[in-house]
Every structure is written in structure tokens, then in C-alpha cells.
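Some notes on the structure that comes next.
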DNA sequence: AATATTATATGATTTATATCATATAATGCC
DNA sequence: GGCATTATATGATATAAATCATATAATATT
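Protein chains in written order, with the numbering used here: chain A, 4 to 240; chain B, 4 to 240.
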């Protein structure tokens, strides 16, 4: 049932302005852009692009959540970035004219546009504003990556686990109850982000649960004591 | 004696083309650029810019080696990037209009140009080629950072140490003897890159030395058995 | 619905690596 | 040149976290 390719849909209903980097474009530019993009619907677990593939364009997430993963040593998966609606993905390889060094997989059903490569390059060349937006996006991703490096180098697993929960909350926000993190990841996926074993991940979540920092209901994690979670993460401020 | 500020020198003797991103400029553009940059000589250990500072321009390394470091938890230093002559530094914060999130410190005496901020922005706006060069640079740094994340998440200290030596070799190359890595870092600095304790770093270098993978002479490290070091690093290929 | 498969959970054990301790070598300083 | 400081080295110990093992719960599959 899975991985049978995305279902193409009309592009008329999706609003490209959703994607923050395009907010700098004016009405005419957006209209023009829409001609050169096509939308597709992806089922949960489908690949948007894969490691070592060649970029054909820029992907814009209209709805749904995406993980960017790379295959590490002994085939172990590493989650590099987590992406939400409004974000662009695949811009790095596209801009630097390289193959993808990671894969993009949907974490839930998603609607994603692809903007034609040639058109995108024309667009950023003619609109410095747009170019700066994309540059800012990459700059932000670089900062996040380097923060992750410091965390992995200097923090223990417990601290990183608490930090990861705060990161998930910051990225995807809460559900209507104002405490449940609005994303469903398996314990293994969380471990693949934190850089630990699945067992250690499960154990620590259990501990946090026992300590009433969080509560667990299946894959859904609720933050009960934000202050204590921040303390556990050992965040400086 | 240290940190008494860089000594300003004439800009006439330094060739901006050294800096790879500027290779795409033509003769006239280089000449123009030279008017808007100023060179400075730094002693070993001096700060080029510091964490939380505001960027005044783009730094180009004419000669010397630089480390980009950030202060982690409990004040522990993390080395994020290592830079050599021809490279640019401080571009991330400059482009995204943010404060520096890391400091740049010279590892040896260095000659560094600073290109005026306003002029640099004009230059990249008028020259898409230059813009793309800078974007490629950031893209490369992002890739390296994400590779580092995978390594920190999935490899043990021994593997990361071997990998770090290969990284130092790839970055700075060998001396004339074709085996001595052309950079002098303290054991603590290497540990701050690898993400381990100074003691573990010293111990592992000692081990590699005993196993004839490398040889040690003060801060100078020579690679004696590249093949075995690659194996130890557990590099896939 | 029944069975197979995968995900979550938790205990027991091992191991890598940090930490603490102390010694020696190298470097900076008056 | 001699003294202080810092860097390197190595041993002993503690401990965080991986690994191995097994059980149960939750999902898929037929």
C-alpha cells in the first residue's frame, strides 16, 4: 500500500504564500510561480526524495510533517531535521548543485509542491529578496545543526532527551489541549534524533513519565512540567 | 602580550583572489573590492570576532588558520569549524543579519581582510555568481555539520578520533614530509572538536601512536598508516 | 477474528568513557 | 636561569549508557 508514488493534484487550491520564504514576493510573482509548480499528495511514510538522488526542484510543504534522515553507519538512521508546513525542503542540494545527502520522508499524509529547478533559479536571480530569504533559511538550519553538535558533544542522554522534547514542542507546537506535542514519532525515531539507543529512549521517557515531567499515551507525549523539563535539559539562558 | 588587537597593514600586498569565493569576479570587480576591504595581521590566539558580537563585514583569511568555537555548557568550548587561508569566515551571521553564534580565534599568526558589510551586500546583489559561491560555501558547511552530527550520534570516541585526524589532514594537508598534519592543536582542542574529554583524547592518541597508526612529536601528528586509520574511523565508501 | 509482526517496556549485564588522581614534560614568565 | 604554570601522560575507579534478554502491548496481515 505504501510507496506507490504521490497522487498529483491541481495546484489551484494550494497557497504558495504558506511557505514563508515566498512571503517576500508580490502578487504577480506569486501568480507566475504558481504556473511553474505542481502539487502532490503523499501518504504517511512516503519518500519525497532520497539520499544520492538529483534535485529536480524545490519542495514546499503545504501540509504535513517531514523528517530529513540520513543513513549512518551499519545502516542506522539519523534524523537531521524535522520540517513542518510552510517550510521548504531539498534547497541545499538544489542550490549547491549536488545530490541529496539525506532523504525526506513524510511523517503523516502531506501535500507538497515542487517548484521547477530552472524556474526557481531564475526567481532567486531576479529577486534578491527571495534569495536572502532562502539564505536566511539555510543560515538558520546551519545554526540549528551546530547547536545540535554542541548538545551531542557535551550533554548526556538524559539532557538531550529533555532537549529533544522541547525541540519537538518548539517545532510542531501543542495540540488544542495546550500540552500534547503535535507530532507522532516512534521511540526509535526519537532515539535517531537524540543519538541514543531505542531502549535508552524508552527508558528515559518512562522515567520522565514517572517523574510527572511528561505523560505518555501511545506515541503522543504531553509536557506536564515545562519548567522542570527545561531544567532537565540544562538549557542556559 | 596577546589580544592587544590586530596590526593594520596596507591592503596592497594581499590578493583577494586567494579567497575562493571571489574567483568568480572579474578584474574590475576585484579592484573595486580591494578599495572596500582592509587587511589586518593577527597574532596567534587573537579573536577575529566573538560570540554575540555584531558583524561589521566579511572576513577573508589571507594566511593563517582559524578555529570557530562556541561556548557550550559549563563553559566547555566546542570547536565547530576549522578554517584555512582562502576561506571566508563570519558570513553566516552577516548574511542572516544576526549576532555571531560562535567566536573566531587564530590558531597561528594570520593575515585577514575585512570587507565592508554594505559593500559586500551590494556585491552579492549585483553579482549572482558571487552570491552562489557564498551559498555553496554555506551549503558545504551545513553538509559538514550534519555529517558531524551523524558521527557524534553513531560513532564511538575511538572512531571519531581517527575521523578527526583524517579531517585535519583533509583540511590542512601535510607538511613537506608528506605525513605530518599541517596544523598544531592542543590535545584539549582536539577533544573539543571530537566531543570527548582531554584525557580520553590523549589516551587514544597514545594508543594510535603505540599501534603505529600515527606518530607524535609535541603537537605535531604524523599519519603513518592511512589505510588503518581509515579502518579505525570506520568510514564507509 | 486469529495470527504474525512490530513497538514498547523493563530487567540484567557489560562496556566504553568520564572522572579523579598523580606524575612528568613543556612552556611561559620574572 | 630558575620558578610557576600549563600541557601531556597514564593509572585507578566510577558510572552512564549500550547491549542482551524477555515480556507485554499494539498493529498489521491473512
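Yeah, the Cβ is synthetic: ideal placement off N, Cα and C, and Gly gets one too.
Keep in mind it's a predicted model, so treat the numbers as computed, not measured.
Run through chain A and tell me which residues come within less than 8 Å of residue 95 of chain B, C-beta to C-beta.
Indexing the second chain from 1 puts residue 95 of chain B at position 92. Those within 8 Å of residue 95 of chain B in chain A are 142, 145, 146.
Could you tell me the alpha carbon to alpha carbon distance between residue 102 of chain A and residue 71 of chain A, rounded to whole angstroms?
Position 99 of the first chain, counted from the first residue, corresponds to residue 102 of chain A. Position 68 of the first chain, counted from the first residue, corresponds to residue 71 of chain A. Each residue's Cα considered, the two are about 14 Å apart.
Roughly how many whole angstroms lie between the Cα atoms of residue 6 of chain B and residue 111 of chain B?
Walking along the second chain from the start, residue 6 of chain B turns up at place 3. Walking along the second chain from the start, residue 111 of chain B turns up at place 108. Confidence at residue 6 of chain B is low in this model, with a pLDDT of 41, below 50, so its placement is unreliable and the value that follows should be read with caution. Roughly 13 Å between the two C-alpha positions.
Using DSSP with H/G/I as helix, E/B as strand and the rest coil, what is residue 238 of chain A?
Taking the first chain and counting its residues from 1, the one referred to as residue 238 of chain A is at position 235. Coil, per DSSP.
Please list, in chain order, the chain A residues whose beta carbon lies closer than 7 Å to that of residue 153 of chain B.
Position 150 of the second chain, counting from 1, holds the residue named residue 153 of chain B. Those within 7 Å of residue 153 of chain B in chain A are 73, 75, 81.
Under 8 Å between the Cβ atoms of residue 156 of chain B and residue 232 of chain A?
Here residue 156 of chain B refers to the residue found at position 153 when the second chain is read from its first residue. Here residue 232 of chain A refers to the residue found at position 229 when the first chain is read from its first residue. No, they are not a contact pair.
Output needed in chain order: residues of the region 191 to 208 of chain B with a Cβ under 7 Å from some Cβ in chain A.
If the cut-off is 7 Å between Cβ atoms, the region 191 to 208 of chain B has 198 near chain A.
Using 8 Å as the threshold, is the C-beta distance between residue 44 of chain B and residue 69 of chain B below it?
Translated into the one-based positions of the second chain, residue 44 of chain B becomes position 41. Translated into the one-based positions of the second chain, residue 69 of chain B becomes position 66. No; because the gap between Cβ atoms is not below 8 Å, this pair is not in contact.
Which runs of the beta strand (DSSP E) fall wholly inside the region 42 to 82 of chain A and span at least 3 residues, in chain order?
Taking only runs of at least 3 residues, the beta strand (DSSP E) segments lying wholly in the region 42 to 82 of chain A are 50 to 52, 60 to 66, 69 to 74.
Is DSSP giving residue 125 of chain A helix, strand or coil here?
In the first chain, counting from the first residue as 1, residue 125 of chain A sits at position 122. Residue 125 of chain A falls in the helix class under three-state DSSP.
Taking the alpha-carbon positions, what's the residue 197 of chain B to residue 65 of chain A distance?
In the second chain, counting from the first residue as 1, residue 197 of chain B sits at position 194. In the first chain, counting from the first residue as 1, residue 65 of chain A sits at position 62. So the two alpha carbons sit approximately 39 Å from each other.
Are any of the Cβ atoms in chain A nearer than 8 Å to that of residue 189 of chain B?
Start at 1 with the first residue of the second chain, and residue 189 of chain B comes out as number 186. Closer than 8 Å: no.
Taking only beta-carbon positions, decide if residue 157 of chain B is within less than 8 Å of chain A.
What you label residue 157 of chain B is simply residue 154 of the second chain in a count that begins at 1. Yes, because at least one Cβ of chain A sits closer than 8 Å to the Cβ of residue 157 of chain B.
State the Cα-Cα distance for the pair residue 238 of chain A and residue 199 of chain A, rounded to the nearest angstrom.
Taking the first residue of the first chain as position 1, residue 238 of chain A is located at position 235. Taking the first residue of the first chain as position 1, residue 199 of chain A is located at position 196. Each residue's alpha carbon lies about 19 Å from the other.
Given 8 Å as the limit, is there contact between the region 131 to 146 of chain B and the region 174 to 191 of chain B, that is, 3 or more CB pairs closer than that?
Too few Cβ pairs lie closer than 8 Å, so no.
What in chain B is Cβ-close to residue 139 of chain A, meaning under 7 Å?
Counted from its first residue, the first chain places residue 139 of chain A at position 136. Result: 99.
Is residue 105 of chain A helix, strand or coil by DSSP?
The sequence position of residue 105 of chain A within the first chain is 102, counting from 1. Residue 105 of chain A falls in the coil class under three-state DSSP.
Any C-beta of chain A within less than 7 Å: which residues of the region 155 to 179 of chain B qualify?
So the list reads 155, 156, 157, 158, given in the order they occur along the chain.
Given residue 224 of chain A, which residues of its chain have a CB within under 8 Å of its CB, disregarding the five upstream and five downstream residues?
Here residue 224 of chain A corresponds to residue number 221 of the first chain, with the count starting at 1. Same-chain partners within the cutoff: 168, 171, 183, 184, 208, 217, 218.
List the residues of chain A whose Cβ lies closer than 7 Å to the Cβ of residue 131 of chain B, in chain order.
Mapped onto the second chain, residue 131 of chain B falls at position 128. In chain order: 128.
Closest to residue 21 of chain A by C-alpha separation, out of A:235, A:63, A:42, A:122, would be which residue?
Numbered from 1 along the first chain, position 18 holds the residue referred to as residue 21 of chain A. When each option's Cα is compared against that of residue 21 of chain A, the closest is A:63.
Quick one: is residue 85 of chain A buried, meaning 16 or more other Cβ sit within 10 Å of its Cβ, or exposed?
In the first chain, the residue the question calls residue 85 of chain A occupies position 82. Answer is buried; the Cβ neighbour count reaches 16.
Beta-carbon within less than 8 Å of residue 97 of chain B's beta-carbon, same chain only, minus the 5 sequence neighbours each way: which residues are those?
Counted from its first residue, the second chain places residue 97 of chain B at position 94. So the list reads 58, 60, 61, 120, 123, once near-sequence residues are dropped.
Identify whether residue 85 of chain A lies in helix, strand or coil by the three-state DSSP scheme.
Reading the first chain from its first residue, position 82 is the one you call residue 85 of chain A. Residue 85 of chain A: strand per DSSP, three-state reduction.
What do you reckon, are the CB atoms on residue 73 of chain A and residue 39 of chain A nearer than 8 Å?
Here residue 73 of chain A is taken as the residue at index 70 of the first chain, counted from 1. Here residue 39 of chain A is taken as the residue at index 36 of the first chain, counted from 1. Taking 8 Å as the Cβ cut-off, residue 73 of chain A and residue 39 of chain A do not qualify as a contacting pair.
Is the Cβ of residue 54 of chain A closer than 8 Å to any Cβ of chain B?
The count along the first chain starts at 1 and reaches residue 54 of chain A at position 51. No, because no Cβ of chain B sits closer than 8 Å to the Cβ of residue 54 of chain A.
If you drop the 5 nearest sequence neighbours on each side, which residues of the same chain put their C-beta closer than 7 Å to that of residue 136 of chain A?
Position 133 of the first chain, counting from 1, holds the residue named residue 136 of chain A. Contacts found: 24, 27.
Compute the beta-carbon to beta-carbon distance between residue 19 of chain B and residue 36 of chain B, rounded to the nearest angstrom, for a pair I have assumed lies under 8 Å.
Along the second chain, read from residue 1 onward, the residue named residue 19 of chain B stands at position 16. Along the second chain, read from residue 1 onward, the residue named residue 36 of chain B stands at position 33. That pair is a contact at about 6 Å.
Going by C-alpha to C-alpha distance, which of A:213, A:129, A:145, A:31 sits closest to residue 94 of chain A?
On the first chain, position 91 is the one that residue 94 of chain A refers to. It is A:145.
Can you have a look at residue 211 of chain B and say buried or exposed, based on whether 16 or more other CB atoms are within 10 angstroms of its CB?
For this step, residue 211 of chain B is matched to residue 208 along the second chain. Answer is buried; the Cβ neighbour count reaches 16.
So if DSSP puts residue 119 of chain B in a beta bridge, which residue, or which two residues, is it bridged to?
Taking the first residue of the second chain as position 1, residue 119 of chain B is located at position 116. Answer is B:60.
Among all the DSSP beta bridges, which residues are the ones paired with residue 113 of chain A?
Walking along the first chain from the start, residue 113 of chain A turns up at place 110. According to DSSP, which records beta bridges pairwise, residue 113 of chain A is partnered with A:45.
Consult DSSP for residue 6 of chain A and reduce its assignment to one of helix, strand or coil.
Translated into the one-based positions of the first chain, residue 6 of chain A becomes position 3. Residue placement at residue 6 of chain A is flagged as unreliable, the pLDDT there being 41, under the threshold of 50; the coordinate-derived value follows with that caveat. Here residue 6 of chain A sits in coil by DSSP.
Give, in chain order, every residue of the region 102 to 116 of chain A whose Cβ lies closer than 8 Å to some Cβ of chain B.
Per Cβ criterion, the list reads 104, 105.
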